[in-house]
Amino acid sequence: MAAKSPLPHSRFSTAAFSPEDRFECWRETLSVFFEPELVAGADIETFHSSVEGFHLGEVLVGAMRADAQRYVRSPSTIRRSGVDHYLVQLYRSGGYGGDVGAGSISLLPGQVSILDLARPLTTQASTSDVINIVIPRDALTSMLPTGFSFDGVVLSGSAGSLLGDYMESLLRNLPRVTTADAPHLARATREIIAACLASSPDLREQARPHIDTVLQGRIRRYIEERLTSPALSPAAITRALGVSRSRLYRLFEPVGGVSHYIQNRRLQAIYRLLASDAQPSRLADIANTYGFADGAHFAKAFKRRFGVSPSDVREASRRSGAAKGAVERPDFDQVWLDEWVRRLHV
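In terms of UniProt numbering, the sequence shown is residues 1 to 346.
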């Protein structure tokens with residue numbers, strides 16, 4: 001069987017150059033997009049920035065960590081570069097402000113902006129950590145209503161949060177993506193960006209599977225961070241994440257419902273604790289911490305999930321120092337496998 005080819009990947013860092021050459025090398029690297037300029041008072045010899053990218057065919061995805069600087073895209077740069085693309089940026093830290101073709105713009109950490117590289121711009125950014133997606137104009141506008149304009153758009157709120165989560169997950173998983181998967185992933189990326197930019201029902205329907213996957217990932221993280229909270233409930237999730245009750249139930253229907261999922265995650269957490277060296281003095285205390293006020297209900301749910309009682313797990317752990325191998329744990333690892341697969345396919 002032929003080996004699967006990884007995505008084309010490249011990286012540049014000013015650390016590879018002498019201090020006096022770093023900024024000029026950086027300017028040359030970014031010249032297809034911008035004419036970087038040092039901000040007032042900056043020391044050229046301490047300047048440091050880096051950028052890396054993955055090529056998906058129709059889409060470029062990458063990360064940039066850069067010291068404070070000005071980014072200028074002049075009419076001459078536009079003519080010289082011949083680039084007619086859109087630049088989608090998530091600022092994980094830092095931010096920028098300035099003038100773009102559509103007017104002024106200001107971006108804060110956690111927000112997503114879309115810039116039209118066919119238009120001049122002048123912005124100034126603080127020291128920043130950025131995820132970039134570059135999409136050819138036709139590849140994106142073909143999925144949007146005719147005449148739709150979004151140069152200088154800043155996505156915040158639920159649309160920005162959703163797209164930001166997708167961009168984070170995309171970048172995290174690209175090192176494991178192969179060229180065979182690239183066309184499908186590029187299309188999914190275009191669809192979710194288009195759906196977040198426009199409210200067209202058709203666009204949202206095209207991107208729904210990808211949006212649902214990202215949204216479910218957000219919900220799972222929310223649940224995982226609050227397993228010991230007595231306030232964790234479907235109603236709390238709908239309020240905190242802005243998802244409707246019906247959509248929440250639909251997303252978790254394949255795993256038995258959201259309440260069932262929460263209970264299973266709590267049971268998994270309790271199992272890990274009982275099987276570890278940290279031994280609670282009373283089973284009722286740990287059960288109550290994880291939302292099981294009724295001890296009998298907890299014991300039945302635990303036995304139904306794992307096929308053994310909580311006290312059996314604790315006793316086996318005390319005898320052997322670890323319950324693994326001493327007590328059978330049906331389906332325990334399956335949850336983690338599911339999590340890995342979910343992350344790889346976001």
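Idealized CB from N, CA, C, for every residue including glycine. The structure displayed is predicted, hence computed values, not measured ones.
Open item on the list: Run through the DSSP bridge pairs and tell me what residue 64 is partnered with.
Closed with: DSSP, once it has assigned bridges, lists 51 and 130 as partnering residue 64.
Task: Inter-residue spacing [alpha-carbon to alpha-carbon] between residue 298 and residue 227 - done: Taken atom to atom, the span from the alpha-carbon of residue 298 to that of residue 227 is near 15 Å.
Task: Proximity to residue 356 [Cα-Cα], best of 109, 232, 38 and 54 - done: No information on residue 356 is available, as it lies outside the stretch 1 to 346 that the chain covers here.
Task: Continuous beta strand (DSSP E) stretch holding residue 292: start and end - done: Premise fails: residue 292 is in no beta strand (DSSP E) and is neither H nor E.
- [ ] Report the residue from 86, 162, 35 and 133 whose alpha carbon sits nearest the alpha carbon of residue 122.
- [x] Ranking the options by Cα distance to residue 122, first place goes to 35.
Open item on the list: Residues in the same chain with beta-carbon distance under 6 Å from residue 261, minus the five sequence neighbours each way, listed in chain order, please.
Closed with: Answer for residue 261: 252 and 255, listed in chain order.
TODO: Kindly list the residues whose CB is nearer than 6 Å to the CB of residue 164, restricted to its own chain and excluding five residues on each side of it in sequence; keep chain order.
DONE: Around residue 164: 90 and 112.
Task: Rounded C-alpha distance that separates residue 79 from residue 245 - done: Counting only the Cα atoms, residue 245 lies some 50 Å from residue 79.
Open item on the list: Mapping the DSSP letters down to three states, classify residue 124 as helix, strand or coil.
Closed with: Three-state result, residue 124: strand.
TODO: Determine the contact status of residue 5 and residue 179, defining contact as a CB-CB distance below 7 Å.
DONE: Here residue 5 is near residue 179, since their CB atoms are less than 7 Å apart.
- [ ] Mark residue 158 as exposed unless 16 or more other C-beta atoms lie within 10 angstroms of its C-beta, in which case mark it buried.
- [x] Within 10 angstroms of the beta-carbon of residue 158 lie fewer than 16 other beta-carbons, which makes it exposed.
Open item on the list: Among the candidates 116, 105 and 30, whose CA atom is the shortest distance from the CA of residue 141?
Closed with: Comparing Cα positions, the closest option is 116.
Task: Beta carbon of residue 26 nearer than 7 Å to that of residue 50 - done: The criterion of a C-beta distance shorter than 7 Å is not satisfied by residue 26 and residue 50.
Open item on the list: Three or more C-beta pairs under 8 Å: does that hold for the region 122 to 133 against the region 94 to 104?
Closed with: With a cut-off of 8 Å on Cβ pairs, the region 122 to 133 is in contact with the region 94 to 104, counting three or more such pairs.
- [ ] Return yes when the Cβ of residue 107 is within less than 7 Å of the Cβ of residue 358, no when it is not.
- [x] Outside the shown range of the chain (1 to 346) lies residue 358, about which nothing can therefore be said.
Task: Alpha carbon of residue 76 to alpha carbon of residue 120, nearest angstrom - done: Here the alpha carbon of residue 76 sits roughly 9 Å from the alpha carbon of residue 120.
Task: Through-space distance from residue 24 to residue 15, alpha-carbon basis - done: The straight-line gap from Cα to Cα measures roughly 13 Å.
TODO: Please classify residue 317: is it buried, with 16 or more other beta-carbons within 10 angstroms of its beta-carbon, or exposed?
DONE: Burial call: buried.
Open item on the list: Given this structure, state the Cα-to-Cα distance separating residue 30 from residue 272, to the nearest angstrom.
Closed with: When rounded, the distance between both Cα atoms is 49 Å.
Open item on the list: I'd like to know whether the C-beta atoms of residue 73 and residue 37 end up nearer to each other than 7 Å.
Closed with: In terms of Cβ geometry, residue 73 and residue 37 do not form a close pair [threshold 7 Å].
Task: Local conformation of residue 226 per DSSP, three classes - done: Under the three-state reduction of DSSP output, residue 226 falls in the coil class, being neither helix nor strand.
Task: Nearest candidate by alpha-carbon position, reference residue 150, set 209, 181 and 101 - done: Of the candidates 209, 181 and 101, the one whose C-alpha sits nearest the C-alpha of residue 150 is 101.
Task: Same chain, Cβ closer than 8 Å to residue 168, five either side skipped, listed in chain order - done: 90, 92 and 131.
Task: Chain-order list of residues whose beta-carbon lies under 8 Å from that of residue 311 (same chain, five-residue window excluded) - done: Closer than 8 Å at Cβ, skipping near neighbours: 283.
- [ ] Put residue 5 into one of helix, strand or coil per three-state DSSP.
- [x] Note: residue 5 maps to coil in three-state DSSP.
TODO: Compute the Euclidean distance between the alpha carbons of residue 358 and residue 58, then round it to the nearest angstrom.
DONE: For the chain, the structure presents residues 1 to 346; residue 358 sits outside this window and is missing.
Task: Local Cβ density within 10 Å of residue 82, reported as buried at 16 or more and exposed below that - done: By the neighbour-count criterion, in which 16 or more other beta carbons inside 10 Å mark a residue as buried, residue 82 falls on the exposed side.
Task: Unbroken stretches of the alpha helix (DSSP H), 4 residues or longer, contained in the region 236 to 290 - done: Fully enclosed alpha helix (DSSP H) runs of 4 or longer: 245 to 252, 258 to 274 and 283 to 289.
Task: Range of the contiguous alpha helix (DSSP H) that encloses residue 160 - done: Start and end: 157 to 173.
Open item on the list: Just verifying my parser: in three-state terms, what is the DSSP assignment at residue 103?
Closed with: It is a strand residue.
Task: Counted within 10 angstroms of its Cβ, other Cβ atoms place residue 161 as buried (16 or more) or exposed - done: Of the residues assessed, residue 161 falls on the buried side of the cut-off, its CB having 16 or more other CB atoms within 10 angstroms.
TODO: In angstroms with no decimal places, state the Cα-to-Cα distance between residue 267 and residue 65.
DONE: Answer to the nearest angstrom: the Cα atoms are 40 Å apart.
TODO: Taking all protein chains shown into account, decide if residue 63 is buried (16 or more other Cβ within 10 angstroms of its Cβ) or exposed.
DONE: Buried is the call here.
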